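To get our numbering, take the position in the sequence shown, counting from 1, and add 81.
Notes follow the structure.
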Amino acid sequence: MSDNRSMESSQEDAIPVASPMPGAQAGEAGIPRRVFLGAGLAGTLLVAVGSRFLSHDQATVEATSDYALILDLNKCVGCRACEQACTERNQLPEGQSFIHILPKGDPDSRWFLPIQCQHCQDAPCVKVCPAQATYRHPTGVILVDETACVGCKYCVVACPYDARIYEEHAGVAYKCWLCLDRVLGGGAPACVDACVTGTRIFGRRSDPAIARLLESGRVQALHPELGTKPGVLAYIFPGA
82 MSDNRSMESS QEDAIPVASP MPGAQAGEAG IPRRVFLGAG LAGTLLVAVG SRFLSHDQAT
142 VEATSDYALI LDLNKCVGCR ACEQACTERN QLPEGQSFIH ILPKGDPDSR WFLPIQCQHC
202 QDAPCVKVCP AQATYRHPTG VILVDETACV GCKYCVVACP YDARIYEEHA GVAYKCWLCL
262 DRVLGGGAPA CVDACVTGTR IFGRRSDPAI ARLLESGRVQ ALHPELGTKP GVLAYIFPGA
């Protein structure tokens, strides 16, 4: 087996269970630093998923369903609660967030466009990473193995959504990771919980309500002309 395949397998098997920002001991390859692992009475490795402890195999099985985060821009008022929730959840410096909101339209017909990592199916950041530090989790979420990141910033340049934050001290280009620890535990990303207008609609693609919305014809990818094939984020644009 090649070294490349070994790294890929390690990353796919890793279950991220907490914030990937710096501040704790580095874990195994592919697992963010703020991972909390426990050992069972029989010596079995347990993974903290939300409020539960699961075996590694159980956690991997639960991570096989894709998710959708649909933003209904008819409801967004630009309050930036999602930005602030992201900042706090990921312990980012004040003024930084994995979400940025752009005002659109004119003063008489103002609307807001939140932009963040789209978790693309054909992700430019994955393609250009020379260290394979950026990779696709089985859920479809694009993650960063900070222990492998060499700080080259190729992903920062390649991302057409300006979704990366380069942390100089750690030498890592961080990004939205969909709060995957909460999601695998049955919860929602922090930005979804913080949204008071119902703009952010989150769930498994297999959920009937999500599936109906995705099939309604109202939901569109952001900048489909770029060919990145956004895999998690989708938008309902004003008037749709």
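Just so you know, even glycine gets a beta-carbon here, dropped at the ideal spot from N, CA and C.
If you're wondering where the values come from, they're calculated on a predicted model, not measured in any experiment.
Neighbourhood of residue i by C-beta distance below 7 Å, restricted to the same chain and skipping five residues each side
i    : result
L224 : P97, Y216, H218 and W258
G308 : D203
V222 : H200, W258, L259, L261 and V313
Buried/exposed call for residue i, threshold 16 Cβ in 10 Å
i    : result
H200 : buried
P305 : exposed
A107 : Model confidence at A107 stands at a pLDDT of 35, short of 50, so the residue's coordinates are unreliable; what they give is reported in the following sentence. Counting Cβ neighbours within 10 Å, A107 comes out exposed, since fewer than 16 surround it.
Q197 : buried
R263 : buried
R293 : exposed
V300 : buried
R170 : buried
G320 : exposed
T125 : For T125, the predicted model reports a pLDDT of 48, less than 50, meaning its position is unreliable and no value from the coordinates is stated.
S190 : exposed
S178 : buried
Residue i - containing alpha helix (DSSP H), residue span
i    : result
P195 : Element bounds for P195: not the alpha helix (DSSP H) but the beta strand (DSSP E), W192 to I196.
Y235 : Y235 to A239
R330 : Outside the shown range of the chain (82 to 321) lies residue 330, about which nothing can therefore be said.
L265 : L261 to L265
L229 : Reading off the sequence shown, one finds Ala at residue 229, where the question assumed Leu. No alpha helix (DSSP H) contains A229, which DSSP labels as neither H nor E.
R170 : A162 to R170
Own chain partners of residue i with C-beta closer than 6 Å, once the 5 adjacent residues on each side are dropped
i    : result
I282 : I151
G232 : G252
G284 : I291
G186 : W192
Candidates the options, of which the one nearest residue i by Cα
i    : options                   : result
E324 : A275, R161, E169 and L173 : Lying before the first or after the last residue shown, residue 324 is absent from the chain, which here runs from 82 to 321.
G159 : P311, C272, L303 and L294 : C272
P311 : G279, A269, R170 and C206 : C206
G176 : C230, A162 and L265       : A162
E227 : I180, A212 and T280       : A212
T220 : K185, L295, S190 and S287 : S287
E164 : P289, L183, G267 and L295 : L183
D147 : F179, L265, V237 and H181 : L265
I246 : H181, A149 and S297       : H181
First and last residue of the uninterrupted beta strand (DSSP E) at residue i
i    : result
V222 : Note, V222: premise wrong, no beta strand (DSSP E); not H, not E.
T215 : T215 to R217
A254 : V253 to Y255
P184 : H181 to K185
E248 : I246 to E248
CB contact flag (residue i, residue j, <8 Å)
i    : j    : result
L154 : Y316 : yes
A275 : A166 : yes
C157 : P195 : yes
Y235 : V209 : yes
A229 : A244 : no
A149 : L295 : yes
Cβ-based neighbour list, residue i, same chain, cut-off 8 Å, excluding 5 preceding and 5 following
i    : result
G279 : D153 and K156
A239 : P205, C206, K208 and V209
V277 : C160 and A162
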